[in-house]
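All remarks here apply to the structure that follows.
In our numbering, the protein residues as written are 513 to 672.
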């Protein structure tokens, strides 16, 4: 999969021409060092992976998995895998500071971040409706929404 890694280590994948939506997740984990040493995350054969001596274990691994699945299903968008989130959003802040020089700054109109907000409830926002997922019923609603996105991505994105 064609991708670009910026000078800070963020990974970007573009699907389609002139994407209007950016999908974002983060690759770093806490703690940054496990009992073997620093976690070495790399792009290998179209996947995010480690060097094999440690587990990936990213805090936002579900978000990354969703985005990789969306890429594999050719859902149009700009996909951003940020570094440094656990250290104060360093990767996304750096990307935002560089945004003016980036060709996508004129086309991207919405950003969907696949990460939880805060430390208590996991939330999912669809259009203007926010669905807390701390109950089984709401978790199923989020999964149904994801399945809708996969089956009709262009229709779902038009709601943004």
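Built from N, CA and C at the ideal position, the CB exists for glycine as well.
Note that the structure is a prediction, hence the values are computed from the model and not measured.
Give the DSSP-derived three-state secondary structure of residue i in the structure shown.
| i | result |
| --- | --- |
| residue 530 | coil |
| residue 589 | strand |
| residue 519 | coil |
According to the Cβ coordinates, are residue i and residue j closer than 8 Å?
| i | j | result |
| --- | --- | --- |
| residue 522 | residue 620 | no |
| residue 572 | residue 518 | no |
| residue 623 | residue 513 | no |
| residue 515 | residue 527 | no |
| residue 575 | residue 604 | no |
| residue 520 | residue 606 | yes |
| residue 578 | residue 531 | no |
Could you tell me which residues DSSP pairs with residue i in its beta bridges?
| i | result |
| --- | --- |
| residue 524 | 516, 592 |
| residue 622 | 533 |
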